[in-house]
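**Q**
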Amino acid sequence: DQQVKQNSPSLSVQEGRISILNCDYTNSMFDYFLWYKKYPAEGPTFLISISSIKDKNEDGRFTVFLNKSAKHLSLHIVPSQPGDSAVYFCAASRGSSNTGKLIFGQGTTLQVKP
Amino acid sequence: GAVVSQHPSWVICKSGTSVKIECRSLDFQATTMFWYRQFPKQSLMLMATSNEGSKATYEQGVEKDKFLINHASLTLSTLTVTSAHPEDSSFYICSASGFLVSSGGTDTQYFGPGTRLTVL
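For the protein sequence lines, the chains are W and C, in the order given.
Residues -2 to 111 (the numbering used here) are what the first sequence spells out, left to right.
Residues -14 to 105 (the numbering used here) are what the second sequence spells out, left to right.
1) Per the DSSP calculation, Thr106 (chain W) is bridged to which residue(s)?
2) Residues in the same chain with beta-carbon distance under 8 Å from Phe52 (chain C), minus the five sequence neighbours each way, listed in chain order, please.
3) Check for me: the beta strand (DSSP E) holding Tyr33 (chain W) runs from which residue to which?
4) Looking at chain W, is there any beta carbon in it that lies within less than 8 Å of the beta carbon of Phe96 (chain C)?
5) Near Ala41 (chain C), which residues of its chain fall below 6 Å by C-beta distance, leaving aside the five closest residues on each side in sequence?
6) Have a look at W:His69, W:Ala38, W:Thr42 and flag the residue whose alpha-carbon is nearest the alpha-carbon of Ile53 (chain W).
7) Can at least three beta-carbon pairs, one atom from the region 75 to 88 of chain W and one from the region 5 to 13 of chain W, be found at a separation below 8 Å?
8) Apply the 10 Å Cβ neighbour rule to Leu11 (chain C) and answer buried if 16 or more other Cβ atoms are within range, or exposed otherwise.
9) For Arg101 (chain C), which beta-bridge partners are listed by DSSP?
10) Looking only at its own chain, which residues have a Cβ that is under 6 Å from the Cβ of Ala89 (chain W), when we skip the five neighbours before and after it?
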């Protein structure tokens, strides 16, 4: 049972444009959501998170939007840069931080073309 | 910032042997460590949660007698894959959660770089 789903395995975007990565979840008990960036043969690197009491969180070029009623979140990267090319995972947890058990989506490979 | 290390970074072993993977938090005390496994083109799947000084909690479908986890100190957790078989070949990643002053005095979770296990 895949509780966190990223239905787009890949995304290609031109440098300078917006990248939008989507994630859906099924468990309404999740109350903390995170996005991680991962390169091959490396561990995930934390990007940005959002609590279920919010609908938006912004950090520089990265913004995460949460739609609780739709059980959907998205990561916006503006402007996209070639260095953003990586696999992006969304993750969810029950709790108020990222210190607990995380359930990951399948990942979306982002390619930003120069 | 916080660093979580894993050793070895890659290992090749023969079928039937056991392999130990170490996970260390280098500049903070990790009250909880997690072990994940990632097969090619798949998600990271949580295998088990370990708290220092207590038995690990395994996820459904993960054999606790095959994947032995020891969390002997606040900076070290080990995962031993016993009697490894080719289907155990995977990328094993640990993460560590703890209080980190440099993160603004908050609890946070950091991931190690992973260990690539290949069983022949």
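Glycine is no exception: its CB is placed at the ideal position from the N, C-alpha and C atoms.
**A** On the basis of the supplied data:
1) Within the first sequence, the letter at position 109 stands for residue 106 (chain W). For Thr106 (chain W), which the question treats as bridged, DSSP gives the partners W:Ser7, W:Val84.
2) Looking up residue 52 (chain C) in the second sequence gives position 67. Excluding positions up to five away in sequence, the list reads Trp20, Met32, Ala33, Tyr43, Leu64, Thr65, Val66, Thr67.
3) Translated into positions along the first sequence, residue 33 (chain W) becomes position 36. Where Tyr33 (chain W) is concerned, the enclosing beta strand (DSSP E) stretches over 29 to 35.
4) The residue labelled residue 96 (chain C) in the question sits at position 111 within the second sequence. With its beta carbon less than 8 Å from one in chain W, Phe96 (chain C) belongs to the interface.
5) What you label residue 41 (chain C) is simply residue 56 of the second sequence in a count that begins at 1. Excluding sequence neighbours, Ala41 (chain C) sits near Ala33, Ser35, Ile54.
6) Within the first sequence, residue 53 (chain W) is the residue found at index 56, counting from 1. The residue you asked about is not Ile; residue 53 (chain W) is Lys in the sequence shown. Checked all of W:His69, W:Ala38, W:Thr42; the closest Cα to Lys53 (chain W) is W:His69.
7) The region 75 to 88 of chain W is in contact with the region 5 to 13 of chain W.
8) Translated into positions along the second sequence, residue 11 (chain C) becomes position 26. Classification for Leu11 (chain C): exposed.
9) Taking the first residue of the second sequence as position 1, residue 101 (chain C) is located at position 116. According to DSSP, which records beta bridges pairwise, Arg101 (chain C) is partnered with C:Trp(-5), C:Phe76.
10) Numbered from 1 along the first sequence, position 92 holds the residue referred to as residue 89 (chain W). If we look at Ala89 (chain W) and ignore the five residues flanking it on each side, its Cβ neighbours are Val1, Tyr22, Phe27, Phe30, Ile100.
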